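When we follow full-length UniProt numbering, the leftmost residue of the sequence shown carries the number 1, and every step to the right adds one. Below is one structure, written out as structure tokens, with a few remarks after it.
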Amino acid sequence: MSQTVDVLILGAGAAGLMCAIEAGKRGRSVLVIDHARRPAEKIRISGGGRCNFTNIHCSPVNFLSANPRFAVSALKRYTPADFLKLVESHRIAWHEKTLGQLFCDDRSQAIIDLLLGEAERARVRFSLATAVSDISKPDDRFLVETSTGPCRATSLVIATGGPSIPKIGATGFGYDVARRFGLKVISPRPALVPLTFDEALRDRTKHLAGISVDAVVSHGKTRFREGLLFTHRGLSGPSVLQISSYWQPGDTITVNLSPDENVLDRLKVVRKEQPRQDLRTALADLLPKRLAQFVAELHGLGGRLADQSDKALAKAADAIARWIVKPVGSEGYRTAEVTLGGIDTDELSSKTMETRRVSGLYFIGEVVDVTGHLGGYNFQWAWASGHAAGQFA
Ligand code: FAD
């Protein structure tokens with residue numbers, strides 16, 4: 001069936017729905033197409049099923065982009081307080097977890113229902129389970145060929161996200177659309193993703209799988225203090241997911257496994273008070289026992305404290321506070337929460353999200369080269385960029 005609309009949005013995720021609502025509120029006729037049977041699958045699985053829908057500390061420093069200034073305008077015009085107001089107007093119970101992260105008390109579905117309810121009020125129409133086969137702009141309107149027939153639109157908004165978690169329908173479709181119109185794309189790569197060890201280190205750490213500690217993980221000057229989790233393949237947990245967005249193959253990361261303690265001072269005190277204690281026992285007071293054993297074996301540490309020189313204790317302290325790790329890779333798009341890179345922001349207006357070269361073509365959300373830290377920032381970018389485009393499309 002052939003149809004014509006003012007605004008055609010590809011992708012019924014966080015950004016696409018927000019844009020649809022805003023454009024619909026302006027009286028534009030809006031159609032949202034998605035190839036998935038259900039809208040907003042990523043919202044449903046987000047935040048462990050409770051959707052970390054924003055972060056009250058959101059600021060541009062929480063985002064990675066080739067142009068860190070690009071996101072400033074949209075983030076300023078639609079803030080965490082704005083989204084929270086919407087959440088409260090739908091009487092959705094929420095709580096702050098840690099570090100300003102706001103979660104639903106119950107299921108993430110509440111956020112999807114909120115967006116679909118608002119979209120209905122704004123008379124947005126949906127075409128789900130619909131595949132897009134071709135996009136062109138033969139005249140002043142876009143022509144989009146789909147499995148349910150062609151659609152013509154004055155404005156075309158690409159909100160198809162990034163390729164992380166392909167099993168729920170994520171694709172790199174948006175990058176293909178950009179290339180088709182001659183727009184630059186910054187090479188995408190998985191981010192907020194567990195890091196993996198080589199076989200030798202994997203074998204040595206397999207038995208640590210499931211152990212988690214509070215840690216500081218650094219890459220150059222960038223550091224995050226949050227949980228660190230040993231997995232069967234390497235490292236995960238919030239601090240490692242965060243640093244994965246900065247890590248590149250070949251790089252090392254530095255891990256402080258006991259950030260609250262001056263380990264050297266502590267070992268010196270124990271040496272004085274309990275000189276006959278073994279160094280390994282002293283380390284096991286600082287770390288979970290199996291982890292302490294691993295650290296001792298990795299660095300050849302052990303023997304009576306009385307026999308340890310200051311230099312030997314400094315080596316032990318470094319083994320805990322400055323463990324230098326060289327991951328060989330990441331778990332990839334299969335488990336990555338987001339995708340770094342995407343449509344080069346040089347191609348877009350930071351006010352409207354419209355491309356500079358193709359009038360009426362917009363890109364919003366994760367498909368754009370703006371990637372947030374873990375903690376609600378990625379949804380805030382989806383809301384803010386969707387809201388910005390929704391005022392103009
Ligand atoms: P998406 O939400 O991915 O929506 C894209 C839509 O486009 C999808 O519906 C998809 O089906 C559709 N689509 C894709 N290709 C095509 C195509 N070819 N044709 C038609 N439709 C297509 N961020 C947070 O801020 N807080 C969290 O708690 C959080 N938890 C997460 C947990 C997990 C497991 C994952 C994977 C991500 C999480 N994120 C979280 C990140 C967040 O989900 C994304 O950044 C956000 O969903 C991006 O919104 P978007 O609208 O740009 O893309």
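Even for Gly, the Cβ is constructed at its ideal location relative to N, Cα and C. Computed from a predicted model, the values in this text were never measured in an experiment.
Please go through the segment 46-75 and give each complete beta strand (DSSP E) segment of 3 or more residues, from N-terminal end onward. 52-55
Which first and last residues belong to the alpha helix (DSSP H) in which residue 392 is found? Your numbering for residue 392 matches position 392 in the sequence shown. It is not in any alpha helix (DSSP H) - residue 392 carries neither H nor E in the DSSP assignment.
Which listed residue (290, 80, 340 and 53) has its alpha carbon closest to that of residue 67: Position 67 of the sequence shown, counting from 1, holds the residue named residue 67. The shortest Cα separation from residue 67 among 290, 80, 340 and 53 belongs to 340.
Less than 6 Å separating the Cβ of residue 134 from some heavy atom of the ligand FAD? Counted from its first residue, the sequence shown places residue 134 at position 134. No.
Among 237, 202 and 206, which residue has its Cα nearest to the Cα of residue 215? Position 215 of the sequence shown, counted from the start, is the residue given in the question as residue 215. Among 237, 202 and 206, the Cα nearest to that of residue 215 belongs to 237.
Beta-carbon gap between residue 55 and residue 13 smaller than 7 Å: For the purposes of this step, residue 55 is taken as residue 55 along the sequence shown, with counting starting at 1. For the purposes of this step, residue 13 is taken as residue 13 along the sequence shown, with counting starting at 1. Taking 7 Å as the Cβ cut-off, residue 55 and residue 13 do not qualify as a contacting pair.
Run through DSSP, which three-state label would residue 380 get? If you number the sequence shown from 1, residue 380 lands on position 380. Note: residue 380 maps to helix in three-state DSSP.
Pull up the DSSP beta-bridge partners for residue 181, would you. The residue given as residue 181 occupies position 181 in the sequence shown. For residue 181, which the question treats as bridged, DSSP gives no partner whatsoever.
Considering only C-alpha positions, which residue in the set 141, 50 and 178 is nearest to residue 345? Locating residue 345 in the sequence shown gives position 345, counting from the first residue. Taking only the C-alpha atoms, the option nearest residue 345 is 178.
Using beta-carbon positions only, say whether residue 129 and residue 37 come within less than 7 Å of one another. For the purposes of this step, residue 129 is taken as residue 129 along the sequence shown, with counting starting at 1. For the purposes of this step, residue 37 is taken as residue 37 along the sequence shown, with counting starting at 1. Yes, the pair counts as a contact, with Cβ atoms nearer than the cut-off.
Does the Cβ of residue 74 have 16 or more other Cβ atoms within 10 Å, making it buried, or fewer, making it exposed? The residue labelled residue 74 in the question sits at position 74 within the sequence shown. It counts as buried.
Three or more C-beta pairs closer than 8 Å, one from the segment 179-187 and one from the segment 38-46: is that the case here? no
For residue 390, collect the residues of the same chain with a Cβ closer than 6 Å to its Cβ; drop the 5 residues on either side in sequence, then sort them by chain order. By 1-based counting over the sequence shown, the position of residue 390 is 390. Only 19, 22 and 23 meet the Cβ criterion.
Taking 6 Å as the cut-off, is the beta-carbon of residue 146 closer than that to any non-hydrogen atom of the ligand FAD? Here residue 146 refers to the residue found at position 146 when the sequence shown is read from its first residue. No, Cβ of residue 146 sits at least 6 Å from all heavy atoms of the ligand FAD.
For residue 227 versus residue 212, is the C-beta distance shorter than 7 Å? Numbered from its first residue, the sequence shown carries residue 227 at position 227. Numbered from its first residue, the sequence shown carries residue 212 at position 212. For residue 227 and residue 212, yes; Cβs fall inside 7 Å.
Alpha carbon to alpha carbon, how far is residue 382 from residue 356? Give it in angstroms, no decimals. In the sequence shown, residue 356 corresponds to position 356, counting from 1. In the sequence shown, residue 382 corresponds to position 382, counting from 1. About 20 Å.
Hey, could you find the ends of the beta strand (DSSP E) residue 236 is sitting in? Taking the first residue of the sequence shown as position 1, residue 236 is located at position 236. From DSSP, the beta strand (DSSP E) with residue 236 extends over 234-236.
Using 10 angstroms around the beta-carbon of residue 324, count the other beta-carbons present and answer buried if the total reaches 16, otherwise exposed. Position 324 of the sequence shown holds residue 324. Classification for residue 324: exposed.
Residue 121 - containing alpha helix (DSSP H), residue span: Within the sequence shown, numbered from 1, the residue matching residue 121 stands at position 121. Start and end: 109-121.
State the CB to CB distance for the pair residue 191 and residue 338, rounded to an integer number of angstroms; the pair is presumed to be in contact (CB under 8 Å). Taking the sequence shown and counting its residues from 1, one reaches residue 191 at position 191. Taking the sequence shown and counting its residues from 1, one reaches residue 338 at position 338. With a Cβ gap of about 5 Å, residue 191 and residue 338 count as contacting.
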